[in-house]
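A.B. asks: This structure is in structure tokens; I'll ask about it shortly.
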Amino acid sequence: MPSAHSCGSRGGEGSRIIFLDCDGVLCCNRTALIELDKLQRLTSVVKRTGACIVLSTDWRRFPAFKSTLVEALSRMGLKVVGSTPLMASQRAAAGRATPVVSWAAIDDRPLLAEKGGMDLLGHFVQTRWATGLNQAAEEALLEVLLGPQPRSIPKTPVPVPLPTTSKQREESRAMSTPWTWETVLKACISRSMNTMSTVM
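In terms of UniProt numbering, the sequence shown opens at residue 1 and continues consecutively.
Quick look at the structure:
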């Protein structure tokens, strides 16, 4: 088994983040089977960029599916550091925060057209259900993570509004994006990416 990838700063330059979907990215079948060739491509991207993985997939909502995904990533030596929107409710980890130098979201859905999607402009790689994380998507992901960032990355974290009443929680679940990507990114920046624990 590969040793767990230690995400965080790469060469002292700061952290990179991948917001990861599963269906249509790592799983392109109806049997919830995570496909090895796609896992290998993701592993290659992480090794080349030093990126941390944050789950944005719907699999994060179901313990059995989430456990399967985290275990598959772990077998490749990849560590999940959080999930969204669930990660927004965590307290910041102790220690000095590592600056985020780049981030990317990969999904088979047309997220740019969804609510809050414009926050992803220049940071989004869309896959196709039939092909998932293929060579073209891998190259696009590397380009986003290693290339110049199209938008400035916020340096000051902001409070993340969390639902407190049952009505607010229900409204939050009904939204396609309970928190904007920009807000979630700021929540990432407010904690140390080196010491963030895996969300289980």
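Even glycine gets a Cβ: it sits at the ideal position worked out from N, Cα and C. The structure displayed is predicted, hence computed values, not measured ones.
Does the count of Cβ pairs from the stretch 16-33 and the stretch 54-62 closer than 8 Å reach three?
C.D. replies: Judged by Cβ distances under 8 Å, the stretch 16-33 makes contact with the stretch 54-62, as three or more pairs qualify.
A.B. asks: Give the range of the alpha helix (DSSP H) segment to which Ser44 is assigned.
C.D. replies: Here the question's residue 44 lines up with position 44 in the sequence shown. Per DSSP, Ser44 belongs to the alpha helix (DSSP H) from 36-49.
A.B. asks: Determine the contact status of Ala113 and Leu145, defining contact as a CB-CB distance below 8 Å.
C.D. replies: What you label residue 113 is simply residue 113 of the sequence shown in a count that begins at 1. What you label residue 145 is simply residue 145 of the sequence shown in a count that begins at 1. No, Cβ-Cβ distance for Ala113 and Leu145 is not below 8 Å.
A.B. asks: How many angstroms separate the CA atom of Glu71 from the CA atom of Phe65?
C.D. replies: To locate residue 71, count along the sequence shown from 1; it is residue 71. To locate residue 65, count along the sequence shown from 1; it is residue 65. About 10 Å.
A.B. asks: Which same chain residues, not among the five before or five after Asp107, have their C-beta less than 6 Å away from its C-beta?
C.D. replies: Counting from one through the sequence shown, the residue named residue 107 turns up at place 107. The residues are Asp21.
A.B. asks: Taking C-alpha atoms, which residue in Arg61, Ile34, Ile17 lies nearest to Thr49?
C.D. replies: For the purposes of this step, residue 49 is identified with residue 49 of the sequence shown, where counting begins at 1. Closest by alpha carbon: Ile17.
A.B. asks: Counting C-beta neighbours from all protein chains within 10 Å, is the total for Lys115 16 or more, i.e. buried, or is it exposed?
C.D. replies: As a position in the sequence shown, residue 115 is number 115, starting the count at 1. Looking at its Cβ environment, which holds fewer than 16 other Cβ atoms inside 10 Å, Lys115 is exposed.
A.B. asks: What are the residues that DSSP puts in a beta bridge with Phe124?
C.D. replies: Within the sequence shown, the letter at position 124 stands for residue 124. Phe124 pairs with Ala105.
A.B. asks: Going by CA-CA distance only, name the one from Trp129, Val46, Asn134 that's closest to Pro110.
C.D. replies: As a first step, residue 110 must be located in the sequence shown, where it is residue number 110. The option with the nearest alpha carbon to Pro110 is Trp129.
A.B. asks: Less than 8 Å between the beta carbons of Ser15 and Val101, yes or no?
C.D. replies: In the sequence shown, counting from the first residue as 1, residue 15 sits at position 15. In the sequence shown, counting from the first residue as 1, residue 101 sits at position 101. Yes; because the gap between Cβ atoms is below 8 Å, this pair is in contact.
A.B. asks: Excluding the five sequence neighbours on either side, which residues of its own chain have a C-beta within less than 6 Å of the C-beta of Phe19, listed in chain order?
C.D. replies: In the sequence shown, residue 19 corresponds to position 19, counting from 1. Excluding sequence neighbours, Phe19 sits near Val54, Ser56, Ala105.
A.B. asks: Name the residue from Val125, Arg61, Cys28 whose alpha carbon lies nearest to the alpha carbon of Leu142.
C.D. replies: Start at 1 with the first residue of the sequence shown, and residue 142 comes out as number 142. Nearest option by C-alpha distance: Val125.
A.B. asks: Going by DSSP, what residue range makes up the beta strand (DSSP E) through Leu20?
C.D. replies: As a working note, residue 20 is residue 20 in the sequence shown. 15-20 is the span of the beta strand (DSSP E), which, as asked, contains Leu20.
A.B. asks: Alpha carbon to alpha carbon, how far is Thr127 from Leu42? Give it in angstroms, no decimals.
C.D. replies: Taking the sequence shown and counting its residues from 1, the one referred to as residue 42 is at position 42. Taking the sequence shown and counting its residues from 1, the one referred to as residue 127 is at position 127. About 13 Å.
A.B. asks: For Glu44, which option in Arg30, Pro99, Arg61, Leu73 has the closest C-alpha, if you only look at C-alpha atoms?
C.D. replies: Against the sequence shown, residue 44 aligns to sequence position 44. Looking at the sequence provided, one finds Ser at residue 44 rather than Glu. Measuring from the Cα of Ser44, the nearest candidate turns out to be Leu73.
A.B. asks: Would you identify the three-state DSSP class for Gly117, choosing helix, strand or coil?
C.D. replies: Counting from one through the sequence shown, the residue named residue 117 turns up at place 117. Gly117 falls in the helix class under three-state DSSP.
A.B. asks: Can you look up Ser56 in the DSSP assignment and give me helix, strand or coil?
C.D. replies: The residue given as residue 56 occupies position 56 in the sequence shown. Here DSSP, grouped into helix, strand and coil, assigns Ser56 to coil.
A.B. asks: Could you tell me whether the Cβ atoms of Cys52 and Gly132 are closer together than 8 Å?
C.D. replies: Residue mapping note: residue 52 aligns to position 52 of the sequence shown, counting from 1. Residue mapping note: residue 132 aligns to position 132 of the sequence shown, counting from 1. It is not a contact, given that the beta carbons lie outside the stated cut-off.
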